[in-house]
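Asks:
Protein chains: 2
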Amino acid sequence: MAVRSVKTETARPLLALEQLHAQLQAVGEERYHHKHPFHLLMHEGKLTGGQLQAWALNRYYYQSIIPIKDSIILSRGPDSVFRRAWRKRVVDHDGDATSEGGIKRWIKLAEATGLDPGQVLAGQGILPATRFAVNEYLNIVRSRSLLEAVASSLTELFSTRLITLRVEKLRQHYRWLSGGLDYFEARLYQAPEDSQFALNYVYDHAKTRAEQELAIQALRDKCDILWAQLDALYFAYVEPGWPPPGAFRIEGR
Amino acid sequence: MAVRSVKTETARPLLALEQLHAQLQAVGEERYHHKHPFHLLMHEGKLTGGQLQAWALNRYYYQSIIPIKDSIILSRGPDSVFRRAWRKRVVDHDGDATSEGGIKRWIKLAEATGLDPGQVLAGQGILPATRFAVNEYLNIVRSRSLLEAVASSLTELFSTRLITLRVEKLRQHYRWLSGGLDYFEARLYQAPEDSQFALNYVYDHAKTRAEQELAIQALRDKCDILWAQLDALYFAYVEPGWPPPGAFRIEGR
C-alpha cells in the first residue's frame, strides 16, 4: 500500500556502482534521523529523564521486531550462502550461548533510564504511532522484492557515525545512563559488516535502472520509518507534548 | 505485531449485550478522534486553507484504502448473507452506474480546498505517518480474526455525530468548501446501516468474554489509527509545524 512516485525507468541508463552508492548516501543525508530535532535535543543534553524513558520504551518496540524482520528476510533467502550471512543478524539481536544479544541489551538501557523491564517487555504504553511505523517495516520485508527488503536495511550505512556521536553525548550529558550503553557498543562492530553485505547484494542484484530505483526507494521508506518514530515522540513528549489516550505518561506531568 | 495488554479472560463472565455496548461506547468516548485538537481547531474555524489542504490530502490515503480493507473482509466472509451485506461498503466507496462513490467525492472535497486532483490521486506528499497508520488498518483486517476485523469498523457508531457537527462547522467557517461536502452528506445515511450490521455481528459472534475483549481491543486499535493520523497532521502543519523530508509543504511557509 505504499504510495510511490517511482516511474518506470526503462528509458534511463543503469547507474554505475559509484553513482548508485552516491544516491544511497544522498538519501541518508536528506532523510536519515541523525538530523531529527529529537536527536538534536538528546545530543545537547536537553532531554529530561522522562523523555529518555519515553524514547527507550518506544524504541524497544523497534528493537524487538528487528530479529522478526530479519527472520522474514531469512525465510526468503535464496541459498545457504545468503542465509548464513543474514542469520548473523538474528543471532546478534536474540543472542546465543556466548552473548546476551541486542534485545536484552536494550532492556538494560531502558532499565538504566528507570523503567520497569516488565513494562518494557510488554510494550505497555508505547505510542500507537510507533507500532504503526515499525509494523510497516514488516510489511515492506514481507511484501516487496527481496532486493528491496535487503535495501531497506541500508540505514546501517549511516548508523555508525550516529551511534558514535550518541554514545559520546549520552556519556557526557547523562552519566547515570553509562551502564546501559552496551547495545550501542555492540552495534559499532556489528553494523558495518552487515551493511557491507547488504550493499554488495544490492550492487549485484539491481540489474536494471528500475530495480536500482526500487532499492533507493526502499531505503527512503526505511528512513521515513525511523523519522516518524521520532516525530511521534517529539509530539507526545516534547512539543506540544500530547501523548494519545492510553500512552505512557511522564511522571510528574 | 500489536502489543496488547489483554489477558486471558476465561475467569471473567460474559458481558450482557448492554454491557458490551456500553464498553464499546466508552472506547469511543475516550479514544475516538472527535476530541482531537486538530478537529477542535477545524470546528472553531481556526485551520488555514493550507492546513485544510494537508488534511484533505492525507485523509485521501485513508479513504482510498477503505474499499481495499472492505474487500479483504469480503474475501473472509463466511457466506453470501454476510458478503452481500458487506459488499455494500465497497459499492459505497467505489461507486456504481448510479453513484460516483465516496473516493470520487473525497477527491472533489480535496479539489475544493485548492489541491490538484492528480496530486491527490498519486498520494504525492502524504505524510509517511499517514501511510503507516492506515496500512495498519489493512494489517488488522488481514491478520486478526474476522470478528476483530468487523469490530474494527465500529468507529462508525460514533461518526454520525462527528460528521453532522463537521458539516455544520465547515459550512459556517469555510464557505468556499461548501461545494465539496457530498462525501459527508452520503456518509450520514450510509454509516448507520453499516454499523448496525457490524454491531449485530459482534453481538452474535463474540461468544466468550475473551472474544468480547478482543472485539473491544480492535475498536480501541482502530481509534488509535484515526487519532495518530491527526497527531501527524498537527505535528507537521500546526505545532511545531515540521513536515518530514519529502512531505507536502503549505504554500507560502
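If you read the protein sequences in the order shown, they are chains A and B. Numbered per this note's numbering, the first sequence spans residues 1 to 253. Numbered per this note's numbering, the second sequence spans residues 254 to 506. Think of the CB as a built atom: it goes at the ideal place given N, C-alpha and C, for glycine as much as any other residue.
#1: How close, in whole Å, do the beta carbons of G433/B and L362/B come, if the pair is a contact with beta carbons under 8 Å?
#2: Report all residues from its chain with a CB closer than 7 Å to the CB of M254/B; omit the five preceding and five following residues, and keep chain order.
#3: How do the region 224–232 of chain A and the region 442–458 of chain B stand: do at least 3 beta-carbon pairs fall below 8 Å, yes or no?
#4: Quick one: does N392/B have its CB under 7 Å from some CB of chain A?
#5: Taking C-beta pairs closer than 9 Å, name the residues in chain B that P240/A reaches, listed in chain order.
#6: With burial defined as no fewer than 16 other Cβ atoms inside 10 Å of the residue's Cβ, what is the status of K322/B: buried or exposed?
#7: Which residue marks the beginning of the alpha helix (DSSP H) containing Q377/B, and which one marks its end?
#8: Just the chain B side, please: which residues come within less than 9 Å of W106/A by C-beta, in chain order?
#9: Give me the residue from T366/B, Q443/B, A264/B with the minimum Cα distance to G303/B.
#10: Any contact between the region 15–31 of chain A and the region 82–94 of chain A? By contact I mean 3 or more CB pairs, one from each, below 8 Å.
#11: Looking at chain A, is there any beta carbon in it that lies within less than 7 Å of the beta carbon of E262/B?
#12: On the DSSP bridge list, what partners appear for S99/A?
#13: Taking the straight line between their C-alpha atoms, what separation do you get for P320/B and S328/B?
#14: Rounded to whole angstroms, how far is the Cβ of R384/B from the Cβ of I325/B, which I believe are closer than 8 Å?
#15: Under 9 Å between beta-carbons, which chain B residues line up against R31/A? List them in chain order, please.
#16: Compare the C-alpha of D345/B against each of G371/B, S333/B, D369/B, I318/B and name the closest.
#17: Hey, G125/A and A247/A: beta-carbon distance below 7 Å or not?
#18: So N135/A and N392/B are supposed to be a Cβ contact under 8 Å. How far apart are they, rounded?
#19: Looking at the structure shown, is G49/A part of a helix, part of a strand, or coil, going by DSSP?
#20: Kindly give me the distance between the Cβ atoms of R397/B and A471/B, rounded to whole angstroms, as I take these residues to be in contact under 8 Å.
#21: With a threshold of 7 Å between beta-carbons, can F184/A be considered close to chain B, or not?
#22: Using the beta-carbon of each residue, which ones in chain A are nearer than 8 Å to D484/B?
#23: Mark S159/A as exposed unless 16 or more other C-beta atoms lie within 10 angstroms of its C-beta, in which case mark it buried.
#24: What first and last residue would you give for the alpha helix (DSSP H) that runs through D426/B?
#25: Which same chain residues, not among the five before or five after L20/A, have their C-beta less than 6 Å away from its C-beta?
#26: How should Y390/B be labelled, buried or exposed, when 16 other C-beta atoms within 10 angstroms of its C-beta is the threshold for buried?
#27: Any C-beta of chain B within less than 9 Å: which residues of the region 198–227 of chain A qualify?
#28: Using DSSP with H/G/I as helix, E/B as strand and the rest coil, what is T130/A?
#29: Would you mind stating whether I360/B and V373/B have Cβ atoms separated by less than 7 Å?
#30: Between which two residues does the alpha helix (DSSP H) holding L273/B run?
#31: Assuming the contact rule is C-beta atoms closer than 8 Å, Y237/A and A54/A should be a hit. Round their C-beta distance to whole Å, please.
#32: Quick one: Cα of E262/B to Cα of A481/B, how far?
#33: Once you ignore the five residues that flank Q23/A on each side, which residues in its own chain have a CB closer than 6 Å to its CB?
#34: Please classify D79/A: does DSSP put it in a helix, a strand, or coil?
#35: Closer than 9 Å by beta-carbon distance: list the chain B residues that pair up with F82/A, in chain order.
Replies: Inspection of the coordinates gives the following:
#1: About 4 Å separates the Cβ atoms of G433/B and L362/B, confirming a contact at the 8 Å cut-off.
#2: Because M254/B sits at a pLDDT of 48, beneath the cut-off of 50, its placement in the model cannot be relied upon, and the point is left open.
#3: Contact between the region 224–232 of chain A and the region 442–458 of chain B is absent, because fewer than three Cβ pairs lie under 8 Å.
#4: Interface residue, yes.
#5: Under a criterion of Cβ atoms nearer than 9 Å, the residues of chain B adjacent to P240/A are, in order, P290, Y487, F488, V491, E492, P493.
#6: Label assigned to K322/B: buried.
#7: Annotation: Q377/B is outside any alpha helix (DSSP H) and is labelled neither H nor E by DSSP.
#8: None at all; the shortest Cβ gap to chain B is about 15 Å.
#9: For G303/B, the closest of T366/B, Q443/B, A264/B by C-alpha to C-alpha distance is T366/B.
#10: Under the 8 Å Cβ criterion, the region 15–31 of chain A does not count as touching the region 82–94 of chain A, having fewer than three qualifying pairs.
#11: The pLDDT assigned to E262/B is 45, lower than 50, so where the model puts this residue is not dependable; a value taken from the coordinates is nonetheless given after this. Not one beta carbon of chain A lies nearer than 7 Å to the beta carbon of E262/B.
#12: S99/A is bridged to D96/A.
#13: S328/B has its alpha-carbon roughly 12 Å from the corresponding atom of P320/B.
#14: Actually they do not touch by this definition, with Cβ atoms about 17 Å apart.
#15: Residues of chain B passing the Cβ test: P497, P498, G499.
#16: D345/B has its Cα closest to that of I318/B, out of G371/B, S333/B, D369/B, I318/B.
#17: Going by C-beta atoms, G125/A is nearer than 7 Å to A247/A.
#18: Right, their Cβ atoms sit about 6 Å apart.
#19: Looking at G49/A - three-state DSSP - the assignment turns out to be helix.
#20: About 7 Å separates the two Cβ atoms, so the contact holds.
#21: The beta-carbon of F184/A is placed no less than 7 Å from the nearest beta-carbon of chain B.
#22: Going along chain A in sequence order, the residues near D484/B (Cβ under 8 Å) are A129, A232, F235, A236, W242, P244.
#23: Label assigned to S159/A: buried.
#24: The displayed chain sequence assigns His, not Asp, to residue 426/B. Its alpha helix (DSSP H) spans residues 409–426.
#25: Same-chain partners within the cutoff: Q212.
#26: Flag for Y390/B reads buried.
#27: Listed in sequence order: R220, D221, C223, D224, I225, W227.
#28: It is helical.
#29: Their beta carbons are under 7 Å apart, which means I360/B touches V373/B by this criterion.
#30: Annotation for L273/B: the continuous alpha helix (DSSP H) segment containing it runs 270–284.
#31: Contact flag correct, Cβ pair sits at about 5 Å.
#32: Caution applies to E262/B, whose pLDDT of 45 falls short of 50 and renders its modelled position unreliable; the model cannot decide the point.
#33: Excluding positions up to five away in sequence, the list reads I216.
#34: In the structure shown, D79/A sits in coil (DSSP, three-state: anything other than H, G, I, E or B).
#35: Against chain B, a Cβ distance below 9 Å from F82/A picks out nothing, because the smallest value is about 25 Å.
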